[in-house]
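Student: Protein chains in written order, with the UniProt record's numbering: chain A, 1 to 451; chain R, 1 to 451; chain D, 1 to 451.
Please read through the structure below; I'll follow up with questions.
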Amino acid sequence: MTNSSTNMRLKLPITCFILEIILIILFGVLVVYDHDTDAKLFNKNMKINNSTAGGNDFYYRYPSFQDVHVMIFIGFGFLMTFLQRYGFSSVGFNFLIAALSLQWATLMQGFFHGLHEDGKIHIGVESMINADFCTGSVLISFGAVLGKTSPLQLLIMAVFEVTLFAVNEFILLSILGTKDAGGSMTIHTFGAYFGLMVTRILYRPRLEQSKHKNSSVYHSDLFAMIGTIYLWMFWPSFNSAVTAHGDPQHRTAMNTYYSLAACTLSTYAMSSVTAHDGKLDMVHIQNAALAGGVAAGTAGEMMLTPFGSMIVGFLAGIISVLGFKYLSPILEAKLKIQDTCGVHNLHGMPGILGAIVGAVTAAVVPKEVYGNGLEKVFPDVASGERETSYQAGMQAISLAITLAIAIFGGLIVGFILKLPVLGAPHDNACYEDSVYWEVSLIKQDSWSQTV
Amino acid sequence: MTNSSTNMRLKLPITCFILEIILIILFGVLVVYDHDTDAKLFNKNMKINNSTAGGNDFYYRYPSFQDVHVMIFIGFGFLMTFLQRYGFSSVGFNFLIAALSLQWATLMQGFFHGLHEDGKIHIGVESMINADFCTGSVLISFGAVLGKTSPLQLLIMAVFEVTLFAVNEFILLSILGTKDAGGSMTIHTFGAYFGLMVTRILYRPRLEQSKHKNSSVYHSDLFAMIGTIYLWMFWPSFNSAVTAHGDPQHRTAMNTYYSLAACTLSTYAMSSVTAHDGKLDMVHIQNAALAGGVAAGTAGEMMLTPFGSMIVGFLAGIISVLGFKYLSPILEAKLKIQDTCGVHNLHGMPGILGAIVGAVTAAVVPKEVYGNGLEKVFPDVASGERETSYQAGMQAISLAITLAIAIFGGLIVGFILKLPVLGAPHDNACYEDSVYWEVSLIKQDSWSQTV
Amino acid sequence: MTNSSTNMRLKLPITCFILEIILIILFGVLVVYDHDTDAKLFNKNMKINNSTAGGNDFYYRYPSFQDVHVMIFIGFGFLMTFLQRYGFSSVGFNFLIAALSLQWATLMQGFFHGLHEDGKIHIGVESMINADFCTGSVLISFGAVLGKTSPLQLLIMAVFEVTLFAVNEFILLSILGTKDAGGSMTIHTFGAYFGLMVTRILYRPRLEQSKHKNSSVYHSDLFAMIGTIYLWMFWPSFNSAVTAHGDPQHRTAMNTYYSLAACTLSTYAMSSVTAHDGKLDMVHIQNAALAGGVAAGTAGEMMLTPFGSMIVGFLAGIISVLGFKYLSPILEAKLKIQDTCGVHNLHGMPGILGAIVGAVTAAVVPKEVYGNGLEKVFPDVASGERETSYQAGMQAISLAITLAIAIFGGLIVGFILKLPVLGAPHDNACYEDSVYWEVSLIKQDSWSQTV
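Structural data, given as structure tokens:
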């Protein structure tokens with residue numbers, strides 16, 4: 001790897017142009033408006049239905065969509081600005097790979113979700129939310145490799161990860177009939193373990209050459225808090241964005257709200273108790289306080305109750321801080337997993353916890369508790385096709401499948417990303433914007449002058 | 001008070017754990033889903049109602065809820081980052097006490113609002129909004145004591161203040177039939193005078209030892225503007241979040257919008273005219289431009305008209321800037337009230353103005369102006385139970401009660417917070433993150449290097 | 001122009017007070033609640049309609065309104081904080097002139113849109129959105145003159161520009177029956193060329209005296225990214241905020257979403273390929289990635305298809321980066337247009353592109369594609385009043401009219417703004433907060449210390 005390999009002048013434009021042109025062609029061939037977005041179909045539908053609200057999903061979903069959108073671009077983007085010299089890349093690469101992923105995800109999810117009888121993918125607001133969800137998973141993996149990859153590597157990773165995400169989601173939701181509205185498994189567990197495996201394969205034994213830049217300064221921590229707070233506030237919208245309308249959507253938002261509140265208190269408690277002098281650590285607050293949202297991602301739409309949600313959030317905060325404090329150093333030292341953002345603590349373990357809580361909740365809450373509402377949450381149980389215990393079993397199997405695809409997929413993709421032509425930064429130039437961005441020395445100094 | 005008293009290693013975790021465990025137990029015993037959130041009740045209701053919209057409050061309220069949520073966590077949190085060395089605490093303690101308050105408020109407001117026949121508190125999106133409202137009041141008080149209290153003191157303050165807030169709100173809304181949808185009285189006046197009384201009791205004669213840190217730097221003022229702008233933009237949602245559906249919600253949002261716009265112009269005018277060289281002062285812009293939202297909090301849902309709203313906002317901006325310029329120094333010098341954020345100018349006086357405007361509007365607008373819409377705004381007047389003048393009287397009495405409970409409550413709570421065990425910072429370590437947060441010297445320097 | 005002319009102590013307050021008092025009086029005389037906001041009219045309407053949703057536009061529009069509101073105040077405000085010493089002015093003057101513009105726009109748009117039979121302007125949520133739209137146009141012009149004008153000049157400019165905006169909008173939408181829901185012409189093209197002409201007239205031959213301040217530092221670029229990302233995320237709401245309900249609103253949001261995604265990829269590609277060493281330039285990312293939203297502003301509600309939208313966005317990104325790289329320096333050197341933010345590249349050319357795409361789409365998509373939905377998009381074509389080709393012609397003529405009014409208006413207003421009494425900054429004090437803001441030397445240093 002010579003210095004010139006990190007010059008993106010030809011590689012990045014060519015890759016972006018080729019990818020975008022392929023996307024445009026595939027959209028031209030495959031994608032049409034759904035009945036809710038198409039001028040002809042919508043009004044045809046309206047005529048039959050004779051109702052202003054009927055057939056129009058848009059108004060129920062769009063505000064949640066925008067909340068999710070904020071989480072993807074502001075939430076993830078600014079959460080990762082905590083590094084002192086890597087703000088442009090955190091927000092900027094987040095922006096780039098998200099813009100690619102949401103287009104590619106529309107195609108992949110549309111393809112696996114099943115083409116319509118006309119052989120086309122029909123899209124509307126729900127496909128936009130699902131594309132954002134899939135993008136979220138890619139950004140979680142980005143968190144694991146943050147600071148150690150070129151934009152080219154990230155684009156390649158996104159293409160493969162989106163594809164595998166769609167496969168896994170298809171297996172879980174369409175084949176196994178698993179419930180995972182907020183994506184504890186499909187989004188968080190998948191994205192985390194995929195990213196951890198990629199960073200494992202890309203292990204850099206001499207990363208300590210960039211160690212002095214792998215930390216925050218005062219301002220960068222405040223920028224990161226913008227990301228944290230947005231993720232925290234809008235997580236109720238995230239978990240409820242694609243549930244059935246009515247009580248499930250309402251209940252999911254509320255369960256997530258209380259899970260996060262409880263998680264915040266346990267995070268502050270654990271952050272203080274694990275510090276030698278009782279001082280709070282920004283890393284914990286920025287990350288672990290969000291674990292309650294992850295952990296409520298599967299069971300949120302079930303009759304988990306606020307009480308149950310608070311217990312889940314409470315535990316998630318504890319697990320997450322302990323992970324940052326004690327497990328991450330072990331993963332790096334023993335398993336050679338260099339997890340920049342600690343996604344294992346925010347998305348990995350809380351995602352698994354969420355999957356388990358989902359399976360347990362499906363198993364232990366009797367179907368009578370749902371009454372007529374059962375079919376909105378567990379349609380296969382309501383129709384008599386399966387028992388709650390069977391549903392719970394499917395939920396548990398889904399976690400295993402997700403872990404398998406994520407780990408195996410991350411392994412393969414990690415090896416692909418090792419290609420020298422992809423222009424990874426040198427060991428002594430990680431966590432550093434100036435490798436890929438115009439940053440005048442003056443500008444750079446302004447950020448890092450006191451380091 | 002020795003230095004070690006500010007060490008939170010045991011105190012903070014124990015307090016957080018105990019509070020959260022009590023909350024979880026009480027939620028387990030007392031709280032259930034309401035008919036709009038519960039799978040069984042919702043669908044039962046739907047069967048009777050046979051309507052998609054009927055019985056489903058969620059879609060009318062949730063977007064406003066999220067706007068309010070942003071105001072609580074981003075708005076209040078970042079508004080208080082104006083201090084040069086107190087950004088972590090401003091956002092971080094705001095986050096912590098808000099997460100506690102909204103859980104405790106759910107219980108207190110549910111309790112006072114009346115348990116259902118099953119002896120339970122039934123919760124849904126409206127209780128989430130109300131919990132956020134109550135939290136807002138606590139954060140206003142936080143603004144008065146900002147920089148001078150430990151997180152432990154703040155948690156204790158929050159528990160008491162939420163309780164008293166619920167008592168006051170119950171007296172006003174349930175007993176007296178007062179209208180106060182945007183909380184000029186219940187939220188702003190209460191939070192401000194409660195906080196002012198607490199900071200009075202916690203008066204520090206030697207606070208000038210920390211004076212050099214009680215100011216802003218260039219970046220911290222820009223961070224604070226994030227808070228200001230979010231509060232300003234979403235205030236129409238705040239004031240209208242819990243009004244009746246339809247015209248009252250729409251009208252409240254619009255009145256608030258115009259009140260804020262007018263307030264912004266008078267704020268800039270007054271800021272310039274009160275400066276010796278005509279230069280604008282960031283403190284005024286950050287705070288006084290919001291007074292128009294506070295002052296429209298009671299009358300916003302009434303037939304105040306955009307014209308009336310603009311007059312109210314215009315006056316609120318003037319009063320607020322004059323307060324910052326002339327009254328705050330007097331309050332500190334003569335009454336020993338050290339009001340860090342100037343909450344008296346943003347929430348105190350404009351809150352009182354809003355209460356008076358509410359009473360006057362209730363008195364002078366004839367009920368014919370409301371037509372059939374009267375029952376949505378003044379149900380007791382519409383039912384013939386009371387006259388408009390009686391309603392106006394109740395509005396005025398409510399202000400007096402609010403002031404009394406806030407001042408008396410703040411007095412008591414202030415004395416409780418003086419307990420040395422609660423770990424308040426030393427006089428020379430106020431407005432300083434490093435007392436309670438991990439801030440490396442390098443990080444600290446980065447923020448304050450030029451001071 | 002002496003130094004004292006920049007002292008705003010009397011001028012600014014007097015102007016603000018006079019303007020606001022005029023506004024209040026005009027609102028008192030002319031403005032009333034519309035049937036959706038008025039207690040009496042709303043409930044009367046409801047009785048006839050006997051429907052919860054009927055007649056209540058508010059719930060369909062308000063979430064979009066808040067997204068637009070965020071774009072106006074956070075999006076535009078923070079996008080312009082990229083300058084190293086001009087953050088207070090960027091956010092603060094944006095705030096001031098927006099607060100003025102939205103009030104004045106309510107009157108002007110209400111007046112031109114036609115007074116009701118009672119001789120009044122009836123306002124509701126849609127007028128609030130339209131007022132915000134008009135404000136957006138003023139803020140685009142502000143981008144062209146950024147750093148070179150006093151707040152007084154900006155207020156005067158806003159008053160005239162809002163008026164001319166309303167005239168142009170009236171001609172396009174009401175007389176010519178042009179479609180321009182997202183304002184490619186009315187907002188972007190108008191605002192850009194108006195501002196460019198103003199800055200041309202205000203040409204400063206000795207502006208190089210302030211050149212060292214006309215650049216960014218590391219933090220200011222990150223603050224600007226907050227603006228960029230918010231504009232990017234909420235542009236689907238912007239373009240769809242005032243379309244007809246149902247499929248047009250849904251389709252517009254979706255078309256904009258894909259246009260922006262494609263634009264982001266072409267922006268990154270072009271930014272890298274035009275740099276000598278392949279490094280990305282923050283100026284391009286902050287601005288050009290948004291051009292896809294501008295370019296979808298007219299055709300977004302038409303049956304453009306996601307495929308078509310992506311082509312449009314793709315081209316917009318390319319054009320915009322090329323503009324920043326090659327055209328802007330020529331405009332400054334040859335035409336003496338000093339365009340601080342490069343609004344010609346973000347709003348000017350992409351606005352023209354959007355207008356052309358709108359005309360072409362109107363011409364080439366057969367009306368059969370719309371079915372019964374035609375009347376929601378092209379009511380005059382649906383009623384048989386005009387052919388699609390005629391509609392397309394009107395769209396093209398509208399672009400010419402917009403350019404003419406913008407350029408001629410900007411010319412006149414530019415000369416008005418040259419009045420020395422308005423207190424423009426000296427050539428050596430441009431791009432500098434301390435001329436109009438209280439900024440202690442220490443504070444100033446903190447921002448610019450490394451320059």
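Cβ atoms here follow ideal geometry from the backbone N, Cα and C, with glycine treated the same way.
Remember, predicted model here, so these are calculated numbers, not experimental data.
1) By how many angstroms is the C-alpha of Phe-142 of chain A removed from the C-alpha of Val-145 of chain D?
2) May I ask you to report which of helix, strand or coil DSSP gives Tyr-203 of chain D?
3) Roughly how many angstroms separate the alpha carbons of Gly-54 of chain D and Asp-118 of chain D, rounded to a whole number?
4) With respect to the beta strand (DSSP E) encompassing Ile-187 of chain A, which residues constitute its N-terminal and C-terminal limits?
5) Arg-298 of chain R: which of R:Lys-179, R:Leu-422, R:Ala-158 and R:Ala-316 sits nearest, CA to CA?
6) So is Ala-400 of chain R buried or exposed if we call it buried at 16+ other beta carbons inside 10 Å?
7) Closer than 8 Å is the cut-off here; do at least three beta carbon pairs connect the region 270 to 278 of chain A with the region 20 to 40 of chain R?
8) State the start and end residues of the unbroken beta strand (DSSP E) segment that holds Ile-121 of chain A.
9) How would you label Tyr-230 of chain A, buried or exposed, when you count the other beta carbons within 10 angstroms and need 16 or more for buried?
10) So, with DSSP's three-state summary, where would you put Lys-431 of chain D?
11) Check whether the region 157 to 169 of chain A touches the region 372 to 386 of chain A, taking contact to mean three or more Cβ pairs, one atom from each stretch, closer than 8 Å.
12) Please classify Leu-280 of chain A: does DSSP put it in a helix, a strand, or coil?
13) Residue ranges of each alpha helix (DSSP H) run of no fewer than 4 residues wholly in the region 125 to 171 of chain A, ordered along the chain?
14) So if DSSP puts Val-31 of chain D in a beta bridge, which residue, or which two residues, is it bridged to?
15) By Cβ distance below 8 Å, which residues in the same chain neighbour Tyr-86 of chain R in space, the five residues on each side in sequence not counted?
16) Tell whether a beta-carbon distance below 8 Å holds between Ala-262 of chain A and Gly-308 of chain A.
17) Could you give the distance in angstroms between the alpha-carbon of Ile-337 of chain A and the alpha-carbon of Met-108 of chain R?
18) Could you tell me whether the region 412 to 419 of chain D touches the region 57 to 70 of chain D, using the rule of 3 or more Cβ pairs below 8 Å?
19) Taking buried to mean at least 16 other C-beta atoms within 10 Å of its own C-beta, is His-276 of chain D buried or exposed?
20) Closest Cβ-Cβ distance between Trp-232 of chain A and chain R: below 8 Å?
21) Between the Cα of Ile-74 of chain A and the Cα atoms of A:Arg-206, A:Phe-234 and A:Leu-265, which residue gives the shortest distance?
22) List, in order along the chain, the chain R residues whose C-beta lies closer than 7 Å to that of Phe-27 of chain D?
23) Quick one: residues in its chain with C-beta nearer than 6 Å to the C-beta of Ile-319 of chain A, no 5 flanking neighbours on either side, listed in chain order?
24) For Ala-53 of chain D, which of helix, strand or coil comes out of DSSP?
25) Relative to the alpha-carbon of Gly-92 of chain D, which residue among R:Leu-280, R:Asn-428 and R:Val-435 has its alpha-carbon at the smallest distance?
26) Could you tell me the distance, in whole angstroms, from the CA atom of Ile-171 of chain D to the CA atom of Gln-395 of chain D?
27) How many Å lie between Leu-422 of chain D and Ile-97 of chain D at the Cα?
28) Quick one: which unbroken alpha helix (DSSP H) runs of 4-plus residues sit fully inside the region 302 to 386 of chain A? Chain order, please.
29) Using only alpha-carbon positions, find the residue among A:His-188, A:Thr-186, A:Met-282 and A:Ala-382 that is nearest to Phe-324 of chain A.
30) Less than 8 Å between CB atoms is the rule here; does Leu-374 of chain R satisfy it with respect to chain D?
31) Would a C-beta distance cut-off of 8 Å place Ile-352 of chain D and Val-242 of chain D closer than the cut-off?
32) Is any beta-carbon of chain A found at less than 8 Å from that of Gly-227 of chain R?
33) Since Trp-437 of chain R is in the alpha helix (DSSP H), which residue starts that stretch and which ends it?
34) Roughly how far, in whole angstroms, is the beta-carbon of Tyr-62 of chain D from the beta-carbon of Pro-63 of chain R, given that I think they are within contact range, below 8 Å?
35) For the candidate residues D:Ile-72, D:His-219, D:Ile-140 and D:Thr-388, whose alpha-carbon lies nearest to that of Leu-196 of chain D?
Tutor: Answer, in terms of the structure:
1) Residue mapping note: residue 145 of chain D aligns to position 145 of the third sequence, counting from 1. Residue mapping note: residue 142 of chain A aligns to position 142 of the first sequence, counting from 1. Taken atom to atom, the span from the alpha-carbon of Val-145 of chain D to that of Phe-142 of chain A is near 39 Å.
2) Walking along the third sequence from the start, residue 203 of chain D turns up at place 203. Coil at Tyr-203 of chain D, not helix or strand.
3) Residue 54 of chain D sits at position 54 when you count from the first residue of the third sequence. Residue 118 of chain D sits at position 118 when you count from the first residue of the third sequence. Model confidence at Gly-54 of chain D stands at a pLDDT of 43, short of 50, so the residue's coordinates are unreliable; what they give is reported in the following sentence. About 24 Å.
4) As a first step, residue 187 of chain A must be located in the first sequence, where it is residue number 187. Looking at the DSSP string, Ile-187 of chain A is not in any beta strand (DSSP E), and its letter there is neither H nor E.
5) Locating residue 298 of chain R in the second sequence gives position 298, where the first residue counts as 1. Note that residue 298 of chain R is Thr in the sequence shown here, rather than Arg. Minimum Cα distance to Thr-298 of chain R is reached at R:Lys-179.
6) In the second sequence, counting from the first residue as 1, residue 400 of chain R sits at position 400. Exposed.
7) no
8) Taking the first sequence and counting its residues from 1, the one referred to as residue 121 of chain A is at position 121. Its beta strand (DSSP E) spans residues 121 to 123.
9) As a position in the first sequence, residue 230 of chain A is number 230, starting the count at 1. So Tyr-230 of chain A counts as buried.
10) Residue numbering aside, residue 431 of chain D sits at position 431 when the third sequence is read from its first letter. The question names Lys, yet the displayed sequence has Tyr at residue 431 of chain D. Note: Tyr-431 of chain D maps to coil in three-state DSSP.
11) Contact between the region 157 to 169 of chain A and the region 372 to 386 of chain A is absent: fewer than 3 CB-CB pairs across the two stretches fall below 8 Å.
12) Working through the first sequence from its first residue, we reach residue 280 of chain A at position 280. Here Leu-280 of chain A sits in strand by DSSP.
13) 125 to 145 and 151 to 169
14) In the third sequence, the residue the question calls residue 31 of chain D occupies position 31. Note: Val-31 of chain D sits in a beta bridge opposite D:Ile-121.
15) As a working mapping, residue 86 of chain R is identified with position 86 in the second sequence. The answer, listed in chain order, is Met-80, Leu-146, Gly-147, Lys-213, Tyr-431, Glu-432 and Asp-433.
16) Locating residue 262 of chain A in the first sequence gives position 262, counting from the first residue. Locating residue 308 of chain A in the first sequence gives position 308, counting from the first residue. No.
17) Translated into the one-based positions of the first sequence, residue 337 of chain A becomes position 337. Translated into the one-based positions of the second sequence, residue 108 of chain R becomes position 108. Cα to Cα, the separation comes out at about 47 Å.
18) no
19) As a working note, residue 276 of chain D is residue 276 in the third sequence. Flag for His-276 of chain D reads exposed.
20) Counted from its first residue, the first sequence places residue 232 of chain A at position 232. For Trp-232 of chain A, the answer is yes, since a Cβ of chain R falls inside 8 Å of its Cβ.
21) Here residue 74 of chain A refers to the residue found at position 74 of the first sequence. Checked all of A:Arg-206, A:Phe-234 and A:Leu-265; the closest Cα to Ile-74 of chain A is A:Phe-234.
22) As a first step, residue 27 of chain D is located in the third sequence; it is residue number 27 there, counting from the start. Here the neighbours are Pro-306, Phe-307 and Met-310.
23) Taking the first residue of the first sequence as position 1, residue 319 of chain A is located at position 319. Contacts found: Met-349.
24) As a working mapping, residue 53 of chain D is identified with position 53 in the third sequence. In this prediction, Ala-53 of chain D has a pLDDT of 43, which is less than 50 and means its spatial position is unreliable; what the coordinates show is noted afterwards. In this structure, Ala-53 of chain D counts as coil in the three-state DSSP scheme.
25) In the third sequence, counting from the first residue as 1, residue 92 of chain D sits at position 92. Comparing Cα positions, the closest option is R:Leu-280.
26) As a working mapping, residue 171 of chain D is identified with position 171 in the third sequence. As a working mapping, residue 395 of chain D is identified with position 395 in the third sequence. The alpha-carbon of Ile-171 of chain D is positioned some 12 Å away from that of Gln-395 of chain D.
27) In the third sequence, the residue the question calls residue 422 of chain D occupies position 422. In the third sequence, the residue the question calls residue 97 of chain D occupies position 97. Distance between the alpha carbons of Leu-422 of chain D and Ile-97 of chain D: 15 Å.
28) 305 to 322, 328 to 335, 349 to 364, 374 to 377 and 379 to 382, all fully within the region 302 to 386 of chain A.
29) Position 324 of the first sequence holds residue 324 of chain A. Across the set A:His-188, A:Thr-186, A:Met-282 and A:Ala-382, the C-alpha of A:Met-282 shows the shortest separation from the C-alpha of Phe-324 of chain A.
30) Indexing the second sequence from 1 puts residue 374 of chain R at position 374. Judged by the 8 Å Cβ criterion, Leu-374 of chain R is in contact with chain D.
31) Locating residue 352 of chain D in the third sequence gives position 352, where the first residue counts as 1. Locating residue 242 of chain D in the third sequence gives position 242, where the first residue counts as 1. No, the Cβ-Cβ distance between Ile-352 of chain D and Val-242 of chain D is not below 8 Å.
32) Translated into the one-based positions of the second sequence, residue 227 of chain R becomes position 227. Taking 8 Å as the threshold, the shortest C-beta distance from Gly-227 of chain R to chain A does not fall below it.
33) Reading the second sequence from its first residue, position 437 is the one you call residue 437 of chain R. That residue, Trp-437 of chain R, is in no alpha helix (DSSP H); it is neither H nor E in DSSP.
34) Here residue 62 of chain D refers to the residue found at position 62 of the third sequence. Here residue 63 of chain R refers to the residue found at position 63 of the second sequence. Tyr-62 of chain D to Pro-63 of chain R, Cβ: 7 Å. Contact.
35) Along the third sequence, read from residue 1 onward, the residue named residue 196 of chain D stands at position 196. The candidate whose alpha carbon is nearest that of Leu-196 of chain D is D:Ile-140.
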